[in-house]
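Chains as they are written, first to last, in this note's numbering: chain X, 1 to 97; chain A, 1001 to 1292; chain E, 2001 to 2388.
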Amino acid sequence: MKIRLNIGAISEPLQSEQFKTGDWGTEWSFVDREKCTACRVCEQFCPDGCIEVKEIEGKEVAVVDHNYCKGCGVCASVCRYGAIKMELKELFKVDVC
Amino acid sequence: MRFFGRGHGACPGCGLAIAVRNILEALEGKCFVVNPTGCLEIISSQYGRNAWGVPYIHPLFDNAAAVACGISEALKVLGREDEGEVVVLAGDGATADIGLTLHGMFDRNHDVIYICLDNEAYQNTGHQQSALTPLGEATTTTPAGKLMLGKIGRKKDMVAIALAHGSPYVATSSAVLPADIRRKVKKAAKIEGAKYIQIHCPCVTGWGIDGKDVVKVGNLAIETALYPIVEFENGKLLTVRKVKERKPVEEYLKIQRRFRHLFTSPEGRKVIEEIQKIADENALRYGIDLKK
Amino acid sequence: MKKVVRGFYSVAYAVKLCKPNIICAYPITPQTEIVENLALMYANGELENCKYITAESEFAAASILVGASAAGARTFTATCSQGLILMSEVLFNAAGMRLPIVIVNTNRALSAPLSIWNDLQDSMALRDAGIIQVYVENNQEAHDMVPQAYKIAEDKRVRLPFMICMDGYKLTHAYEPVDLLDQNVVDSFLPPYSPEVYLTTKKPVAFGCYAPPHIYMEFRVAMQRAMERAKEIMEKVFADWAEVSGRNWGGHLEVVYPDSKNFVIAMGSIVGLLRKVVEELRNEGISVGLVKLRTFRPFPVQELRKSLENAEKIIVIDRSVSFGYEGNLSIELKSALYGMSPEVISFILGLGGRDVPKDFLKELVKNAILGKEKSGFKGFKEFEEVIP
């Protein structure tokens, strides 16, 4: 099978989206919909563009896409309403005897 | 519409990625990105994993400004100027060290927005010093040892260099000020000529900070006056981000691994005093302290 | 329109006819007058849809063309010697990005010691860059090569930078009668540049992506294949040119007296001198022919093997050297003729503008044929090197 090779290593746009970076970190951010005011500050700060304000059940709230969230915690650190919490992924929750 | 795709390879909490997203959104994706070799290039432009939703070119480490001039002039000649702004997104090393062609861009005043994403060292290759590494920072090529306590000498004053060239718009900003970045980029886009914007970009791995502290560290650089946030139009100082109560530089330095050696010896203390002097000079030069 | 012009003008005028969008250069002797001519044409409004830029270095000039070419512009620069070497990082890059930039290199020696005079050391140093290299004998050929260079470089099956190499001083400064092309001849031969892929917000692609080990090699294979395709495409373009212009410069080679027992092979303006040498030697009853090598990259291996299959002795005239080995053309030729058994004698001469008088050259070639002259540097003063 021959592969396709773009002349001069030219690449098509936005191919990176196929690569899910959500499994990188140990934590994910979670938004408390009650506290969220949809101010969009977290949206501007997310280095990975994976937190976005969306309308859910008639209310605008920030939504984290865990397919891409690397768990850096920047969004939680800029939320003025304490609406974003970082939580350890289930995988990393281990009982210590 | 995304201009900088998810799934890129930046470290978690990368300051530079915050800046890039805001720059592209400020321009609504109507831009041509020229990106010399460096962190941003490595995280975004692997063949088949391209993160860019805008036309992009990575030429070499040392020639981004000239390549941008070429695109800018070609668009004019071909009657395609309306397609967008030509924007260089370069690291501090590519700008202040090896970027030989920056002065030609200023000299001929090509219509380009040159943005230096300043994370204060060659971070993608593991934290080597550049001309924009600040005094006292331990890098792998200016390590802290018995004879040397990190980088000797100050950051190269690229703002002054841009101003000396008569650049019509020169500004600094920080990755922790997205609204400021957007405003300045939009403004630069409206001005014809070779513009220069330098954005302070906290680097989690190189600086030795936690992702959760990126914003705090970025803000402290401003609040200590170590990174003045200024704006010049046609050589005139237009705006300065003032600070109500300037913080001592220790507060900024002590929470970063790159400066930690300064706190363990009397010689290190002297370097901290020198760094405080730089902050004081900055405050005086730009009138950063808010008068009560 | 036949006019007596300098080599500079013959190139500049041909460039104008090819309607480049961006011309960018940095002055360097003996190239400068090419871009001075173009600058004057630009200043007088004779270049349509074109911007002329004087860069701050050759490095910047080549870089500006990389940006312009990637954005879809037809581009031109001229340089030589230190300028070409300063450009080299960019030119390797442009070749990898498959940008059809056209360069005229007015061959000049390399420093140190500094020499502004002619030899072929500069372009030889770019041998492995992925740039097509053609060497011309006279100013008419230089003039004619420019539209052909664009046509070949911009062919979507090729897309590689193209370098026309012409001898500094010997051609650039020489006044020769040149039949200057008509615009309509060039227009009928060379279509406007309309690349299939370029930097545009309408279809945003990324140029210059990096390739990890799992995919890098494929791009280098692709460049090699583009060079191989170029070899065929060039022959077709050369033939088309002969039809359009009425001047036939041959293919990758021109062979004079193909049935000879002995051959001299060379590139560039020295071929003109060798034509006379060969005539005179033949008048003396010596069986000698001449191979003018026009295309150096892609190297026309099969054509050389075929033309030289019955040669008993080949004399290579090199004007550059690979220190620690021998003359560059000699190295290439021996490799191309591997398995064949002619005797190859190679002379390195004329470095840094050292004069090569016709009689001197004739004696060398004659003695080589008679078995009285060995390979090596010729035409220098023997010395003892001392540390002062």
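Think of the CB as a built atom: it goes at the ideal place given N, C-alpha and C, for glycine as much as any other residue.
Fair warning: this is a prediction, and the values are worked out from it, not measured in the lab.
Spatial distance of residue i from residue j (CA atoms)
i, j, result
"E:Gly-2096", "E:Glu-2048", "30 Å"
"A:Tyr-1196", "E:Gly-2083", "29 Å"
"A:Val-1054", "E:Val-2186", "36 Å"
"A:Gln-1256", "A:Asp-1180", "24 Å"
"E:Ala-2109", "E:Gly-2067", "29 Å"
"X:Val-63", "X:Cys-72", "16 Å"
"E:Glu-2137", "E:Leu-2091", "24 Å"
"E:Ser-2081", "E:Ser-2123", "8 Å"
"A:Ser-1045", "E:Gln-2224", "24 Å"
"A:Glu-1281", "A:Leu-1262", "20 Å"
"E:Ala-2311", "E:Ser-2260", "7 Å"
"A:Gly-1084", "E:Val-2271", "51 Å"
"E:Asn-2071", "E:Gly-2350", "Asn is not the amino acid found at residue 2071 of chain E; the sequence shown has Ala there. Cα-Cα distance, rounded: 41 Å."
"E:Phe-2360", "E:Gly-2250", "28 Å"
"X:Phe-92", "E:Ile-2101", "55 Å"
"E:Leu-2120", "E:Ser-2269", "11 Å"
"E:Leu-2017", "E:Pro-2357", "36 Å"
"E:Pro-2027", "E:Asn-2037", "12 Å"
"A:Leu-1237", "A:Glu-1231", "6 Å"
"A:Gly-1093", "A:Arg-1154", "14 Å"
"A:Cys-1201", "A:Ala-1019", "7 Å"
"E:Pro-2300", "A:Leu-1016", "50 Å"
Per-residue burial, residue i [other beta carbons within 10 Å of its own, 16 or more giving buried]
i, result
"X:Ile-3", "exposed"
"E:Phe-2323", "exposed"
"E:Lys-2170", "buried"
"E:Ile-2132", "buried"
"X:Glu-27", "buried"
"E:Gln-2302", "exposed"
"A:Ala-1225", "buried"
"X:Cys-97", "exposed"
"E:Asp-2355", "exposed"
7 Å Cβ cutoff, residue i in contact with chain E
i, result
"X:Pro-13", "yes"
"X:Gly-8", "yes"
"A:Glu-1083", "yes"
"A:Thr-1101", "yes"
"A:His-1058", "yes"
"X:Leu-5", "yes"
"A:Ala-1162", "no"
"A:Pro-1036", "no"
C-beta neighbour in chain A for residue i, strict 7 Å
i, result
"X:Thr-21", "yes"
"X:Phe-92", "no"
"E:Cys-2018", "no"
"E:Glu-2056", "yes"
"X:Glu-17", "yes"
"E:Gly-2067", "yes"
"E:Ala-2311", "no"
"E:Asn-2093", "yes"
"X:Tyr-68", "yes"
"X:Val-74", "yes"
"E:Ser-2063", "yes"
Proximity test, Cβ basis, 7 Å: residue i and chain X
i, result
"E:Arg-2074", "no"
"A:Ala-1017", "yes"
"E:Phe-2219", "yes"
"A:Gly-1218", "no"
"E:Arg-2297", "no"
"A:Pro-1012", "yes"
"E:Met-2097", "yes"
"A:Ala-1074", "no"
Beta-bridge partners of residue i, as assigned by DSSP
i, result
"A:Ile-1199", "A:Leu-1117, A:Ser-1173"
"A:Val-1088", "A:Val-1034, A:Tyr-1114"
"X:Glu-60", "X:Glu-55"
"E:Ser-2346", "E:Val-2316"
"X:Ser-29", "X:Met-86"
"A:Glu-1081", "None; A:Glu-1081 has no bridge partner."
Check: residue i C-beta below 6 Å from any heavy atom of the ligand COA
i, result
"A:Gly-1150", "Absent from the structure shown: the ligand COA. Ligands present: none."
### Query
Listed from N- to C-terminal order along the chain, which residues in the segment 1103 to 1125 of chain A have their beta-carbon within a distance smaller than 8 Å of any beta-carbon of chain E?
His-1103, Gly-1104, Asp-1107, Arg-1108
### Task
Could you run through the segment 2200 to 2220 of chain E and flag, in chain order, every residue whose CB is less than 7 Å away from some CB of chain A?
Thr-2200, Thr-2201, Pro-2204, Val-2205, Ala-2206, Phe-2207, Gly-2208, Cys-2209, Tyr-2210, Ala-2211, Pro-2212, Ile-2215
### Task
For the segment 43 to 55 of chain X, enumerate the residues whose C-beta is nearer than 8 Å to any C-beta of chain A, in chain order.
Gln-44, Phe-45, Cys-46, Pro-47, Asp-48, Gly-49, Cys-50
### Residues from the segment 2181 to 2200 of chain E in contact with chain X, defined by Cβ distance under 7 Å
Val-2197
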